[in-house]
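Report on the following structure.
Protein chains: 4
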Amino acid sequence: MRTNIRSTGRDATFTETARRSQIVECAIETVCEFGYAGASLSRVAERAGISKGVITYHFASKAEILEEAVAVVFARGAEFAMRSGAFTGDSEPHDALRGYLESNLAYIAAHPREINAVVEITRGHRDADGRQVFGTAWEEREVLGLLEEIFREGQRLGHFRDFSPRVMAVAVRRVIDGFSFQVLAHPDTDVAAYTAEVVAMFEHATRAGTA
Amino acid sequence: MRTNIRSTGRDATFTETARRSQIVECAIETVCEFGYAGASLSRVAERAGISKGVITYHFASKAEILEEAVAVVFARGAEFAMRSGAFTGDSEPHDALRGYLESNLAYIAAHPREINAVVEITRGHRDADGRQVFGTAWEEREVLGLLEEIFREGQRLGHFRDFSPRVMAVAVRRVIDGFSFQVLAHPDTDVAAYTAEVVAMFEHATRAGTA
Amino acid sequence: MRTNIRSTGRDATFTETARRSQIVECAIETVCEFGYAGASLSRVAERAGISKGVITYHFASKAEILEEAVAVVFARGAEFAMRSGAFTGDSEPHDALRGYLESNLAYIAAHPREINAVVEITRGHRDADGRQVFGTAWEEREVLGLLEEIFREGQRLGHFRDFSPRVMAVAVRRVIDGFSFQVLAHPDTDVAAYTAEVVAMFEHATRAGTA
Amino acid sequence: MRTNIRSTGRDATFTETARRSQIVECAIETVCEFGYAGASLSRVAERAGISKGVITYHFASKAEILEEAVAVVFARGAEFAMRSGAFTGDSEPHDALRGYLESNLAYIAAHPREINAVVEITRGHRDADGRQVFGTAWEEREVLGLLEEIFREGQRLGHFRDFSPRVMAVAVRRVIDGFSFQVLAHPDTDVAAYTAEVVAMFEHATRAGTA
DNA sequence: CATGAATGAGACTTCATTCAT
DNA sequence: AATGAATGAAGTCTCATTCAT
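Chains as they are written, first to last, in numbering that gives the first Met the number 0: chain A, 0 to 210; chain B, 0 to 210; chain C, 0 to 210; chain D, 0 to 210.
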């Protein structure tokens, strides 16, 4: 995804890209440390060791930074999932669910601060009218769809019991999203054990033939 | 619980109690509408139809209002659970879990705005040093303990399979906390059906003897 | 000096007098502790253990309290000087100066907090236009006159050398006023020794026949 | 003395230096006119013809402005004393004392408003805990030391009589500090005459061989 | 006589944004 | 490409004063 700057039509230069990236990373760190409400551009600039002017030169607004941060982290998570081979596309549904959980939790364990920041941003960020930018509609569109698809396929094949794919998808996402708090609060968390617990929980919760 | 005002030792008057209550309610509404970061005292005062000065007359700080809001909603939720007879104390663990889920979800369905506000506050509120006031330590102490106790008892009796009570407790809380978003985003949600889904999910997730 | 309250024409009752007195004393203490700028009516009320309303019931304004505080402390100091027999009216000038210094310093040593408060008030208190209420004109009228009189008499008798009575009077007052800082900062100050030093200083400074 | 801005390590620019200087000067004027308690940032900004935001852009806090004002005036006074050749280092003590008095009073006569402001600030300024920032300890360290040194040397040489250097030093400072009031209240004061009076006073007060 | 309640002005400070260089 | 400078709105909070009870 090439980013055009300030609608001049030209492509971003190397410096431009590097600066934007640096600012986004510092914004992520700042949100993680001070929370959404405490993440001012001053603090971001201070962390980056640059002046506030640099930020507003490269970004039209604070919102643009936060929204890019969310996009960047999502892209990284997706790439991580891809590389980890979690999704081969035609996986058996139980495997797909396990893969989804494992790759998500593994990514969070490796990058808890950026996930925490994204959770803060998606919860806290609002437009001028006070409406959440990353609200329920956004989550249903961007996040829950894939999970629901897995569940529906599993039910079609009879591997999963009959439950609401939407409700189960929401539950999975809530549990995954909360993992960053766990890792940040308890850095010595046994990730493998925690992951096994979560996988077992949802396998029991979804498996057919036991009702 | 009598509230003494401003360490004068004097008991709160009727007006005092009513005003504090009104302000807390308006703060809850404002947080729900504008989020933690957008809930300024100006907006709270505006909603209450009073001047900003009234707020600072009755509360020493904004933090005091938010913390009282959390306490008030928790107290209401606990009273609701008590009245609904969800906990008879010696319930069979499966029943205790179901009761916990049902009373929590029922309360949220009836009061989604205040629960949403509390979730916002507990996530967003920080002290002067930037540390979360209602952080992980608070949650483990105030919220997760009861659930873990239920799970441990169920495991001791052999009704629950062998899983981490902590991980399961966290999962339950995340799912419950997220329900306010669902109700607010989709006011026509079939609460009974949603509750049944969640209960079934955790019954399958916890039940012994099927692995 | 009887004080009529709120121009009702009637005399102050016992309660009235006691309350005013209590408030003035608390105001003095508060000014001493927090300085002129930090002495709010809230803090005065808090120290007195009463509500702010009581204060504004008994005094028309904050200024009235401060001005009464100054008057009260001056009256006490004058009474102290009288009782200590410092001024017999027809004292020899050197004795009069010594008596003035000794009684002033003795009073300050015994009541450093109220003197400190008065110094704060006379320095800091201004009317609505920003003009000092206890400015230079006030000081010349209320404070310096007596000293100048002593000096002029001493010069007439030839006991004092020829110097400016005004300049010497100002010097004496500055040194006296500053003594409260000394006593408060070093409570173990040897008052007798300090007083002897000051008396000697001004005796040398004023004495005739040695130039 | 280069001033680094906001710990970015960057040196102050010309504009920065000029603005800080302008703001400090306006603060001094405002304190002189309205007193410590009446010197709000609004009034400082108004006098400077700038917005309040400019002030907080260049200074981290109001305290920083006031403390810089004190430092600036002290530095100017010291430079003035140096240039006036008051201190040749090896002066005879009587000359040193006279030089100290003359240079101080001359500076005050030339800049009574800034001295008055500094006296206001040193008396009134307190930290968050209510403690004086420029309290007795500060004065003993920064101000009285030099005078005491002169007195001790004079006593060692037998030029001064036996008195407490500390008490005499305090007296000298009080008299000097009070001169700004005199000049402001009576702009037509004959400075040379007043200075001669003060010099004579302390020469008589300190001279040996007449007790 | 007392006071709880309310108010509105104004305090200091933080902030996102704009702009000239 | 960068940034120092400036702004004005809005933030929380303190304060002296007024008023009904």
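Note that CB positions come from ideal geometry on N, CA and C, so glycine has one too. Keep in mind it's a predicted model, so treat the numbers as computed, not measured.
Check: Answer yes or no: do B/Y35 and B/H124 have a C-beta to C-beta separation smaller than 8 Å?; Outcome: yes
Check: Indicate the three-state DSSP secondary structure (helix, strand or coil) for A/F159 in the structure shown.; Outcome: strand
Check: Residue ranges of each alpha helix (DSSP H) run of no fewer than 4 residues wholly in the stretch 30 to 75 of chain B, ordered along the chain?; Outcome: 40 to 47, 51 to 57
Check: Check whether the Cβ of A/R173 lies closer than 8 Å to any Cβ atom in chain B.; Outcome: yes
Check: Could you give the C-beta distance for B/S179 and B/N115, rounded to a whole number, given that I count them as a contact under 8 Å?; Outcome: 4 Å
Check: Counting only beta-carbon atoms, is D/H158 nearer than 8 Å to chain C?; Outcome: no
Check: Would D/E63 be called buried (16 or more neighbouring beta carbons within 10 Å of its own) or exposed?; Outcome: exposed
Check: For a contact meaning CB atoms closer than 9 Å, what does A/F33 contact in chain B?; Outcome: R125, G129
Check: Tell me whether the stretch 132 to 139 of chain A and the stretch 45 to 57 of chain A touch, counting them as touching only if at least three CB pairs, one residue from each stretch, are closer than 8 Å.; Outcome: no
Check: I'd like to know whether the C-beta atoms of D/L40 and D/I54 end up nearer to each other than 8 Å.; Outcome: yes
Check: If you reduce the DSSP assignment to three classes, tell me which class B/R130 lands in.; Outcome: coil
Check: Give, in chain order, every residue of the stretch 38 to 69 of chain D whose Cβ lies closer than 7 Å to some Cβ of chain C.; Outcome: none
Check: Buried or exposed: D/E176, going by 16 or more other Cβ atoms within 10 Å of its Cβ?; Outcome: One point to set straight first is that residue 176 of chain D is Asp, not Glu, in the sequence displayed. With 16 or more Cβ atoms within 10 Å of its Cβ, D/D176 is classed as buried.
Check: Using CA atoms only, rank isn't needed, just tell me which of B/T121, B/F33, B/E196 is closest to B/V171.; Outcome: B/E196
Check: For a cutoff of 8 Å on Cβ pairs, would you count B/T135 as touching chain A?; Outcome: yes
Check: What separation, rounded to the nearest whole angstrom, lies between the Cα atoms of C/A157 and D/D94?; Outcome: Looking at the sequence itself, residue 157 of chain C is Gly, so the reference to Ala does not match. One C-alpha to the other measures close to 29 Å.
Check: Using C-beta distances below 7 Å, list every residue in its chain close to B/F33, excluding the 5 sequence neighbours before and after it, in chain order.; Outcome: R42
Check: Nearest chain A C-beta to B/G177 closer than 8 Å, yes or no?; Outcome: yes
Check: Between D/V182 and chain C, is there a C-beta pair that is closer than 8 Å?; Outcome: no
Check: Rounding to the nearest angstrom, what Cα-Cα distance links D/A127 and B/A80 in this structure?; Outcome: 46 Å
Check: Kindly list, in the order they appear in chain C, the residues whose Cβ is closer than 8 Å to that of D/R18.; Outcome: Correct list: empty, because the minimum Cβ distance to chain C is about 26 Å.
Check: Please work out which residues of its chain come closer than 8 Å, Cβ to Cβ, to C/L100, disregarding the five sequence neighbours upstream and downstream, and give them in chain order.; Outcome: V171, I175, T194, V197, V198, F201
Check: Under 8 Å, do C/E67 and C/V23 count as touching if we go by C-beta distance?; Outcome: yes
Check: Would you say B/F150 faces chain A, with C-beta separation under 8 Å as the test?; Outcome: no
Check: Does any CB atom of chain C fall closer than 8 Å to the CB of D/E196?; Outcome: yes
Check: What first and last residue would you give for the alpha helix (DSSP H) that runs through C/V197?; Outcome: 190 to 205
Check: In chain C, which residues lie with their C-beta within 7 Å of the C-beta of D/Y193?; Outcome: V166
Check: Below 8 Å between beta carbons: does that hold for B/V182 and B/I107?; Outcome: yes
Check: Compare the Cα-Cα distances from C/A77 to each of C/A105, C/T188, C/R122, C/Y56 and report the closest residue.; Outcome: C/A105
Check: Hey, quick one: how far does the alpha helix (DSSP H) through B/E119 stretch, first residue to last?; Outcome: 111 to 123
Check: So, using beta-carbon positions, are A/I149 and A/P92 closer together than 8 Å?; Outcome: yes
Check: Under three-state DSSP, which class holds B/T16?; Outcome: helix
Check: Tell me, please, whether the CB atom of D/V169 is closer than 8 Å to any CB atom in chain C?; Outcome: yes
Check: What residues from chain B crowd round A/A199, counting only those whose CB sits closer than 9 Å?; Outcome: R160, F162, A204, A210
Check: First and last residue of the alpha helix (DSSP H) that includes C/E138?; Outcome: 135 to 138
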